[in-house]
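Undergrad: Handing you this structure, nothing more for now.
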Amino acid sequence: MSLALGVRILERTLRLRRLAVLLGFFQALIPATTDARAQLRVGDPLPPLGDFALEGDLAAAPTAGRVVVLDFWASWCAPCKASFPMLGALQREWGGEGVTVLGVSVDEKKSAYEAFLSRLQPSFATVRDAQQRLVKRVRVPKMPTTYLIDRKGVVRFVHEGFQGESTERALRAHVRQLLDEAR
Amino acid sequence: MKSSPTLLRTVLVLAALGTSGCTAVQPWERATLSSYPMRPDRDPLAQAMSEHIYFSREASTGGRSVGGSGCGCN
């Protein structure tokens, strides 16, 4: 009698466990689909940067009527560090033609952000998304990710990751295209 | 009092939904994963020991190291 009861309890537990595993699996899929909907894509307008409580001087990086190179980086991301000289060169060479390079750090630790900046001394403006509000809105697919925004404030190109010269070539060609369009 | 199977099932389903540990770590949330303590080769002694065990077991060595930590960048 007690054996039969034990078997019944075991059977029921196994059935329920299977159900729980299935539910857990489907729940894991939910964030992925939500992310895909929320991600900033080509053709989308850039959300107003002033709405995200970014730490730093946004006025140093004027965006209105300019081609904006918006780069998401972090101090713990090696490819981000590798991309800094290229971004600095873009700002120096084409800043006068209407290009603004703005780096947005997703560092949660302010000390890590400041130490990184004091080491690299970038020649473009950077701000810190301390509460990660902007990056959660944009939902970058990789670190780093660079968005190219035209003079009308629309995202035109998205560069995921940094692969050295090939990324630099593509980025320069796209920035050049956006500058030429505006003429 | 006998609890109904439907009620039990509902409670278990809600518990499964609420306690699931499955979540996707987003690219911007990987600071901890990329920190030094997360590196598999952070302890040279443990690394040497692990290599020794591997060599003794497999009669081969090398080709196991992958650089970096859990940043998952690029």
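Protein sequences appear in the order of chains D and R.
First residue of the first sequence: 82, per the working numbering; consecutive thereafter.
First residue of the second sequence: 81, per the working numbering; consecutive thereafter.
Glycine included, C-beta positions come from ideal geometry on N, C-alpha and C.
Treat the numbers as computed from the prediction; the structure is a model and nothing was measured.
Given a threshold of 16 other Cβ atoms within 10 Å of its Cβ, counted over all protein chains shown, does D:Q172 qualify as buried or as exposed?
TA: Buried.
Undergrad: Going by DSSP, which residues form a beta bridge with R:E138?
TA: R:E138 pairs with nothing; no bridge assigned.
Undergrad: CB D:E178 to CB D:L252, shorter than 8 Å?
TA: Against a cut-off of 8 Å, the Cβ pair of D:L252 and D:E178 comes out as no contact.
Undergrad: Ends of the beta strand (DSSP E) at D:L259?
TA: Run containing D:L259: none in the beta strand (DSSP E); it sits in the alpha helix (DSSP H), E246 to E262.
Undergrad: How would you call D:P225, buried or exposed, if buried means at least 16 neighbouring beta carbons within 10 angstroms?
TA: Per the 10 Å Cβ criterion, buried.
Undergrad: Let me know if R:P107 comes out buried or exposed under the rule of 16 or more other beta-carbons within 10 Å of its beta-carbon.
TA: Buried.
Undergrad: Where does D:A155 land, buried or exposed, given buried means 16+ other C-beta within 10 angstroms?
TA: Flag for D:A155 reads buried.
Undergrad: Measure the C-alpha to C-alpha separation of D:R96 and R:G101 and round it to an integer number of angstroms.
TA: In a straight line, the C-alpha of D:R96 is about 20 Å away from that of R:G101.
Undergrad: Measuring straight from C-alpha to C-alpha, what distance separates R:F135 and R:M118?
TA: Cα to Cα, the separation comes out at about 24 Å.
Undergrad: For D:R122, is the classification buried or exposed, using 16 other Cβ atoms within 10 angstroms of its Cβ as the cut-off for buried?
TA: The residue is exposed, with fewer than 16 neighbouring Cβ atoms inside 10 Å.
Undergrad: Out of curiosity, what's the CA-to-CA distance linking D:V256 and D:L229?
TA: Rounded to whole angstroms, D:V256 to D:L229 spans 7 Å at the Cα level.
Undergrad: Which residues does DSSP pair with D:Y194 in a beta bridge?
TA: Beta-bridge pairing links D:Y194 to no other residue.
Undergrad: Would you check if the distance between the CB atom of D:V150 and the CB atom of D:L168 is smaller than 8 Å?
TA: Their beta carbons are under 8 Å apart, which means D:V150 touches D:L168 by this criterion.
Undergrad: Taking the alpha carbon of D:L135 as the point to measure from, which residue in D:G184, D:D231, D:F238 and D:R250 has its own alpha carbon closest?
TA: Out of D:G184, D:D231, D:F238 and D:R250, D:G184 has the C-alpha closest to the C-alpha of D:L135.
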